[in-house]
Each structure stands twice: as structure tokens, then as C-alpha cells.
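Worksheet: one structure, shown below.
Residue numbers (the working numbering): 65 to 396.
Printed below as a string of C-alpha cells:
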């Protein structure tokens, strides 16, 4: 999987260039970070993500992108030549148009797979000296903004649900076995299921369900999900507390899920509590700023508060233990 052909392309380079999201995902799950961001020998800037960007830029030309007037060197000639060879989208037949749009869709999904797997390092290294290079970088930045807005929140929630699935299953089984009322049996069964909680198995299921890896954001989100699952299983009174109840937040009635995180206050001050959504959004904001797509990240919850409820330094993040003492999570 790590071998190169005569042009310096690895299997991951070829999968990215050909727009194969399934093959790209298969390889990314088995390759280390260095190979996901590995450049070709003859072009240190052409990583697998660079291959996907070049192919997407090539296919996007007849799909509404206009040629820039000011080009430099061979890139202008090659780009104009390619445009003349492909022609405009309107001039293509129905079959060719559908094939081109399908290829664009596959290349975008391939780029998203690479970005989820840790190719943001390649994005930060993509040059932007010429119009063509800037176009390719903008395409990948747009895809990464979509990854942060669409993929990350949904996949983080899916991983959280998977991590809690076994505990919820045990609790449901015990609840129906107890000869008590529904509310009482739900609380007692949740406590009984805590004795069966397998932290290592929960971590493995979270890691398998969450495809983001090899970035600070991925490590922070995984650590937050693992803490949430452990806290929910061992400290929450029931699934009702995990899901949360309606409450007045900033003048609006919203659902407030389990508040199992805390931000260190000043000595003698009050620690601020918050939920997993705020922690995940903080990680998204930091990643967006790091990759130059700040302002493109949508919050998706409690938008009337802006980002004020997600402001904290990672060294301040922790939780309140049973003795009401602050414990740092040591997330960097």
C-alpha cells in the first residue's frame, strides 16, 4: 500500500486522482499520517489531496468556472488547452454531462475522505502563487468548510451514540426486568448498567465510528466524546438526564443535554459548566482558524448566543467530580 510507481504515485495518490472515495477510505484507515500527506518525489507539493484538487479543478472548468485573464507560464497554456479540449458544459451531450458531474461528485467525496483522515496538513501546504494554484486551494478550502459544518457534527454525534449503545441496551434490558414503575425502574436500571460499563470497549467503538484522525481537532473531539460517554454511564441518573430537558438559555427555551464539562474559573470563582456540543464547536473553530476557513463554520445550536458559550482555553477544560472538585481533562 505504500509502494510508488515510476511517477512517484502511491495507491493513495492514484485513488485520489481517479476519484475513488471507497478506495481512499480503505487506504486512509490503514496508512499512517505521513503517507496520507506524502508528496510525490518530483513535486513536493503534490500530495494525495493535491491530486484530488488538480483533478477537481480540471473537471470543474467547464462546469461554470471562468478562465482567468492573467495567467503565467505554461499553466495558462495548459489550462486553456484543456478547456478547449473539454469544451463547455452546455456543448456536452447528456451522457457526457452526467459522467462529468458524477466525476466531480466523486472527487469532492474523495477530498472529504482525505480531509477527515488528516490531510489538512496538505491543505495548509498547498501553494497559492498562481491563479491555478489559488483555485485548487480554494476548492479544497471549500470542501474542508463543508467537512467541518456537515461531516464533523453528524459523525461526532454518531460516534457518541455508538459509544453509549451498549450501556443503553443493558439499561433497557434491566428496566423491563424490574417490577417497578417506569420512571423508578429507568433510574435504577441505568445505575445497574453502570456496573457493566466497559470503558475500553466504548473507546474502541468510538474510534471505529469516528473517521476523523491525525489532527488536533480529531484528538480533542475523541477525548470529549470519550469523557461524555464515561460520565453519562457512570454519573448520570438516567438517559433522560443525558438527553437533557428544556431550559431558558439566553432568553430562549432550548434543550440542554448533559453538562459534564467545566471551565476552570478564577481561584475562589465559579466554574462554568458546558456540554459536549460546545467543546466540539470549540475544536471546529480552532481548526477553521488554523486552515484559513474561519467565518465559514456554522454553529448549529444556541445561535442566539453566538460563540460566547464556546470560549475557553483547552488547558482550562475539565469536569466536576463527586467531591465537587475541579479535575482537568488535560486536553491539549
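For every residue, glycine included, the Cβ atom is placed at its ideal position computed from N, Cα and C. Quantities reported herein were computed from a predicted structural model and do not represent experimental measurements.
#1: Report the rounded CA-to-CA distance for residue 370 versus residue 363, giving the unit in angstroms.
#2: How would you call residue 301, buried or exposed, if buried means at least 16 neighbouring beta carbons within 10 angstroms?
#3: Between residue 230 and residue 265, how many whole angstroms is the CB-CB distance? I'm expecting something under 8 Å.
#4: Please list the segments of the beta strand (DSSP E) lying wholly inside the stretch 214-258, counting only runs of 3 or more residues, in order along the chain.
#5: I think residue 200 touches residue 103, with their Cβ atoms under 8 Å apart; what is that distance to the nearest whole Å?
#6: Short check: CB of residue 285 to CB of residue 228, under 7 Å?
#7: In chain order, what residues of the same chain lie with their CB nearer than 7 Å to the CB of residue 287, ignoring the 5 residues before and after it?
#8: Using a 10 Å radius around the Cβ and a threshold of 16 neighbouring Cβ atoms, would you call residue 352 buried or exposed?
#9: Provide the residue(s) that pair with residue 309 in DSSP beta bridges, ordered along the chain.
#10: Using beta-carbon positions only, say whether residue 261 and residue 297 come within less than 7 Å of one another.
#11: If I measure Cβ to Cβ from residue 187 and keep anything under 8 Å in the same chain, skipping five residues before and after, which residues do I get?
#12: If we call anything under 7 Å between Cβ atoms a contact, is residue 322 one with residue 344?
#13: Mind checking which residues open and close the alpha helix (DSSP H) that includes residue 392?
Well, looking at it:
#1: Taking the first residue of the chain shown as position 1, residue 370 is located at position 306. Taking the first residue of the chain shown as position 1, residue 363 is located at position 299. Rounded to the nearest angstrom, the two C-alpha atoms are 8 Å apart.
#2: As a first step, residue 301 must be located in the chain shown, where it is residue number 237. Answer is exposed; the Cβ neighbour count stays below 16.
#3: In the chain shown, residue 230 corresponds to position 166, counting from 1. In the chain shown, residue 265 corresponds to position 201, counting from 1. About 7 Å; that satisfies the 8 Å criterion.
#4: none
#5: Within the chain shown, residue 200 is the residue found at index 136, counting from 1. Within the chain shown, residue 103 is the residue found at index 39, counting from 1. No, residue 200 and residue 103 are not in contact; Cβ-Cβ is about 15 Å, not under 8 Å.
#6: The residue you call residue 285 lines up with position 221 of the chain shown. The residue you call residue 228 lines up with position 164 of the chain shown. No; because the gap between Cβ atoms is not below 7 Å, this pair is not in contact.
#7: In the chain shown, residue 287 corresponds to position 223, counting from 1. The residues are 393 and 395.
#8: In the chain shown, the residue the question calls residue 352 occupies position 288. Buried, since its Cβ has 16 or more Cβ neighbours within 10 Å.
#9: For the purposes of this step, residue 309 is taken as the residue at position 245 of the chain shown. In the DSSP output, where bridge partners are listed per residue, residue 309 has 320.
#10: What you label residue 261 is simply residue 197 of the chain shown in a count that begins at 1. What you label residue 297 is simply residue 233 of the chain shown in a count that begins at 1. Yes, they are a contact pair.
#11: Taking the chain shown and counting its residues from 1, one reaches residue 187 at position 123. The residues are 113, 179, 201, 204, 205, 208 and 355.
#12: In the chain shown, counting from the first residue as 1, residue 322 sits at position 258. In the chain shown, counting from the first residue as 1, residue 344 sits at position 280. Taking 7 Å as the Cβ cut-off, residue 322 and residue 344 do not qualify as a contacting pair.
#13: Start at 1 with the first residue of the chain shown, and residue 392 comes out as number 328. Not the alpha helix (DSSP H): residue 392 falls in the beta strand (DSSP E), residues 390-392.
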